[in-house]
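Student: First residue of the sequence shown? That's 213 in my numbering, and the numbers climb one at a time after it. For glycine and all other residues, C-beta sits at the position ideal for the given N, C-alpha and C. In this text the structure is predicted, and so the values were computed from the model without any measurement. Sharing a structure with you now.
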Amino acid sequence: MAKKPSSLKNMLIALFVITAVSGGLLGLVYGLTKDAIAEVELQKNEKAIKEVLPLGEGITYTADTITLDDNGVTLSFPCNLARDANGTLLGAAIKTTEGGFGGNIELMVGITTDGIIKGVSVLSHSETPGLGANMEGKFKDQFADKKPGDNIILEVTKSHDGKKVDAITAATITSKAFTKAVDNAFKAFESNKSQLQKGGQQ
Numbered sequence: 213m214a215k216k217p218s219s220l221k222n223m224l225i226a227l228f229v230i231t232a233v234s235g236g237l238l239g240l241v242y243g244l245t246k247d248a249i250a251e252v253e254l255q256k257n258e259k260a261i262k263e264v265l266p267l268g269e270g271i272t273y274t275a276d277t278i279t280l281d282d283n284g285v286t287l288s289f290p291c292n293l294a295r296d297a298n299g300t301l302l303g304a305a306i307k308t309t310e311g312g313f314g315g316n317i318e319l320m321v322g323i324t325t326d327g328i329i330k331g332v333s334v335l336s337h338s339e340t341p342g343l344g345a346n347m348e349g350k351f352k353d354q355f356a357d358k359k360p361g362d363n364i365i366l367e368v369t370k371s372h373d374g375k376k377v378d379a380i381t382a383a384t385i386t387s388k389a390f391t392k393a394v395d396n397a398f399k400a401f402e403s404n405k406s407q408l409q410k411g412g413q414q
């Protein structure tokens, strides 16, 4: 039997069939896994909230969004506000993102109403292993229990002056992005704090 000659029409039909089948399979896989992925993401966020804002028992966390005017651009930050049994605002766990060397760096930053950064958790990043990825070690710990403007300035330095943030060796871009993300979260919370405190009064 003679082989049917290839034609543009036949190639387009084959390409359409392959694309349709691939799209259908991707849709099926997404449908089967989206709930599990969402659950994992939720658990990761809940763990990060407790890690960066350890306030003990009897605390209620409510999801909210706060904004920051950054040179005419409005930035939005998903957050979880922590209140005690009387509705008094105690702090917030704020999700913040900044572009690093290899992609976005996504953090959860815990800040109390007295302006202290209680902790920072790295939610995701694409930084270089062995360099930018070192943000998850002692670099991150520099921010814990610090009050910007008091015992830390949220700017990166290579001079180890004890006041600013010490950069990760050979990863200045990552260091600056991480610090900028924390600084944005801090400024957003401080600029919205008085309004958030009023919102919790009973």
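(1) Which same chain residues end up closer than 6 Å to residue 414 when comparing Cβ atoms and leaving out the 5 residues on each side of it in sequence?
(2) Report, in whole angstroms, the separation of the C-beta atoms of residue 302 and residue 271, which I expect to be a contact under 8 Å.
(3) Hey, residue 313 and residue 348: beta-carbon distance below 8 Å or not?
(4) Our contact map puts residue 322 next to residue 359 with C-beta atoms below 8 Å; I'd like the distance itself, whole angstroms only.
(5) Figure out for me which residue from 396, 398, 402 and 350 has the closest Cα to the Cα of residue 378.
(6) Using 8 Å as the cut-off, can you tell me whether the region 258-268 makes contact with the region 217-231, which would need three or more C-beta pairs spanning the two stretches below that distance?
(7) Quick check on DSSP: helix, strand or coil for residue 364?
(8) Compute the Euclidean distance between the alpha carbons of residue 406 and residue 371, then round it to the nearest angstrom.
(9) Report the option in 411, 384 and 399 whose CA atom is closest to the CA atom of residue 286.
(10) How is the beta strand (DSSP E) around residue 292 delimited, first residue to last?
(11) By Cβ distance, which residues of its chain are closer than 6 Å to residue 404, with the 5 residues on each side in sequence left out?
(12) If you reduce the DSSP assignment to three classes, tell me which class residue 231 lands in.
(13) At the level of alpha carbons, what is the spacing between residue 260 and residue 225?
(14) By Cβ distance, which residues of its chain are closer than 6 Å to residue 337, with the 5 residues on each side in sequence left out?
(15) Looking at residue 289: is its Cβ nearer than 8 Å to the Cβ of residue 356?
Tutor: Working from what's here:
(1) Within the sequence shown, residue 414 is the residue found at index 202, counting from 1. Note that residue 414 scores 46 on pLDDT, short of 50, meaning its location in the model is unreliable; the coordinates nonetheless yield the value given after this. Here the set comprises 299.
(2) Your numbering for residue 302 matches position 90 in the sequence shown. Your numbering for residue 271 matches position 59 in the sequence shown. For residue 302 against residue 271, the beta-carbon gap comes to about 7 Å, under 8 Å, which counts as contact.
(3) The residue given as residue 313 occupies position 101 in the sequence shown. The residue given as residue 348 occupies position 136 in the sequence shown. Cβ distance not < 8 Å, so residue 313 and residue 348 don't count as in contact.
(4) Taking the sequence shown and counting its residues from 1, the one referred to as residue 322 is at position 110. Taking the sequence shown and counting its residues from 1, the one referred to as residue 359 is at position 147. The C-beta distance from residue 322 to residue 359 rounds to 13 Å, too long to meet the 8 Å contact threshold.
(5) Sequence index remark: in the sequence shown, residue 378 carries index 166 (1-based). For residue 378, the nearest C-alpha among the options comes from 350.
(6) Too few Cβ pairs lie closer than 8 Å, so no.
(7) What you label residue 364 is simply residue 152 of the sequence shown in a count that begins at 1. Correct three-state label for residue 364: strand.
(8) Counted from its first residue, the sequence shown places residue 406 at position 194. Counted from its first residue, the sequence shown places residue 371 at position 159. Taking the straight line from one Cα to the other gives about 36 Å.
(9) Position 74 of the sequence shown, counted from the start, is the residue given in the question as residue 286. Ranking 411, 384 and 399 by Cα distance to residue 286 puts 399 first.
(10) On the sequence shown, residue 292 is found 80 positions in, with the first residue counted as 1. Segment 285-295, the beta strand (DSSP E) holding residue 292.
(11) Counting from one through the sequence shown, the residue named residue 404 turns up at place 192. A distance below 6 Å between beta-carbons, with the five flanking residues on each side excluded, links residue 404 to the following residues of its chain, in chain order: 278.
(12) If you number the sequence shown from 1, residue 231 lands on position 19. DSSP, reduced to helix, strand and coil, places residue 231 within a helical segment of the structure shown.
(13) In the sequence shown, residue 260 corresponds to position 48, counting from 1. In the sequence shown, residue 225 corresponds to position 13, counting from 1. C-alpha separation (whole angstroms): 49 Å.
(14) Translated into the one-based positions of the sequence shown, residue 337 becomes position 125. Excluding five sequence positions before and after residue 337, the CB atoms of its chain that fall closer than 6 Å to its own CB belong to 317, given in chain order.
(15) To locate residue 289, count along the sequence shown from 1; it is residue 77. To locate residue 356, count along the sequence shown from 1; it is residue 144. Contact flag unset, no.
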